[in-house]
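Residue 159 is where the sequence shown starts when you use this note's numbering, and the numbers rise one by one after that. Glycine residues also receive a C-beta, built at the ideal position from the N, C-alpha and C atoms.
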Amino acid sequence: MTAARLIELWRGGMRESTHLGHVVISDANGIVEAWGDPGAVIYPRSSCKMVQALPLVESGAADAAGLGSEHLALACASHNGARIHTERVAAWLSGLGLDEEDLRCGAHMPNDPAERKRLTCSDENPCQIHNNCSGKHAGFLTLKRHMKAGPEYVEIDHPVQRAVRRAFEEVTGETATGWGIDGCSAPNFACTIEGLSHAMAGFAQPGAGVRGRAQRRLVEAMLAHPDLVAGEGRACTELMRAMKGRAAVKTGAEAVFVGIVPERGLGIALKVADGGTRGAEAAITALMVHLGLLEEGHPVVQKYLTGPLRNWRGLATGELRRAGGFPS
């Protein structure tokens with residue numbers, strides 16, 4: 159099957175661009191709705207951080223380190239590098255007897271405007287704690303310490319990554335067809351859109367036992383702390399706030415998005431083929447409206463889907479539209 163038309167950009171009465179992609183909504187029994195090819199193989203990128211955090215919780219490492227819901231939200235986060243993120247990650251590392259140099263995620267300028275301005279004006283360089291994945295890596299370090307394993311926890315054959323791969327394959331119900339190196343240097347395992355949606359359905363309706371408790375804790379942490387999962391001005395944070403705890407959403411690089419809807423037992427996975435964030439944010443917003451989790455007139459829906467696109471003078475220049483029958 160080919161990619162489906164998901165989102166269109168219209169300008170001056172003409173369709174200017176089209177975002178194609180694949181979407182699957184699943185429950186415990188399988189696919190509920192789908193657009194495009196459910197078997198399309200992708201890298202989930204950061205959308206699967208709650209899966210990567212499963213061994214942290216299941217192993218007992220999180221409890222042994224005294225981690226709370228804020229820590230678990232940061233383990234699932236692609237954060238802005240604001241003070242609310244960096245101070246918490248720094249304190250987390252300090253509590254482990256570790257510091258920034260123990261991270262293996264690399265450094266980049268934060269997306270948070272205030273922290274970026276502070277660094278620029280002070281002539282201070284960003285450190286690895288500013289990396290949007292530093293919370294995930296603090297989780298990896300916590301698990302590494304619990305396992306008494308070596309320092310290079312992002313290596314594919316390290317016990318941490320072997321545990322992540324096992325969890326990933328178990329919750330997707332698939333054997334990973336390959337792996338690539340993510341922006342934060344950790345391995346990212348490939349799966350189908352259907353497999354990723356199946357994994358999210360498991361988080362939406364967790365079972366009993368160690369895994370179910372871990373899945374529930376991670377989702378509850380994301381819902382309790384949307385500001386830590388992304389940050390101000392970010393789609394993940396703004397959508398979760400707008401839905402008031404009814405669903406968790408998480409983006410990944412190259413236009414991947416997942417959704418977890420506990421009240422309906424639904425898991426959502428989508429990938430926009432062109433890798434464009436605009437299309438992915440509009441598509442996940444359209445799905446939340448489709449499922450009755452957001453009202454069409456809500457300001458967050460207007461921001462990411464229905465509102466006019468404006469130029470630098472504030473003039474309305476175009477609009478995004480749902481393409482064809484998406485979502486039906």
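- Determine the extent of the beta strand (DSSP E) in which W501 is found, giving its start and end residues. In the structure displayed, the chain extends from 159 to 486; residue 501 sits before or after that span and is not available.
- Whole-angstrom Cβ separation of L251 and R303, contact assumed at under 8 Å? About 11 Å; that fails the 8 Å criterion.
- Exposed unless 16 or more other CB atoms sit within 10 angstroms - verdict on C279: exposed
- If you draw a straight line from the alpha carbon of V377 to that of T435, how long is it in whole angstroms? The straight-line gap from Cα to Cα measures roughly 23 Å.
- Query: At a cut of 8 Å, does the region 398 to 411 reach the region 429 to 449 through at least three beta carbon pairs?
  - Reply: yes
- Task: Check each candidate in Y201, D185 and V322 and name the one with the smallest Cα separation from G433.
- Result: Y201
- Query: Do the region 174 to 181 and the region 284 to 296 touch if we need at least three Cβ pairs shorter than 8 Å?
  - Reply: Result no; under three Cβ-Cβ pairs closer than 8 Å.
- Task: Determine the contact status of R203 and E421, defining contact as a CB-CB distance below 7 Å.
- Result: Going by C-beta atoms, R203 is not nearer than 7 Å to E421.
- Task: Give me the Cβ distance between G423 and Q460, rounded to the nearest whole Å; I'm assuming they're in contact under 8 Å.
- Result: That belief does not hold up - the Cβ atoms of G423 and Q460 are roughly 29 Å apart, past 8 Å.
- Message: I need the DSSP call for T333, collapsed to helix, strand or coil.
- Response: coil
- Nearest to A393 by alpha carbon, out of A431, G218, S205 and E174? S205
- Taking the Cβ atom as the reference point for each residue, do P466 and A474 lie within a distance shorter than 7 Å? One thing to note: P466 has its Cβ within 7 Å of the Cβ of A474.
- According to DSSP, residues forming a beta bridge with V199: T350
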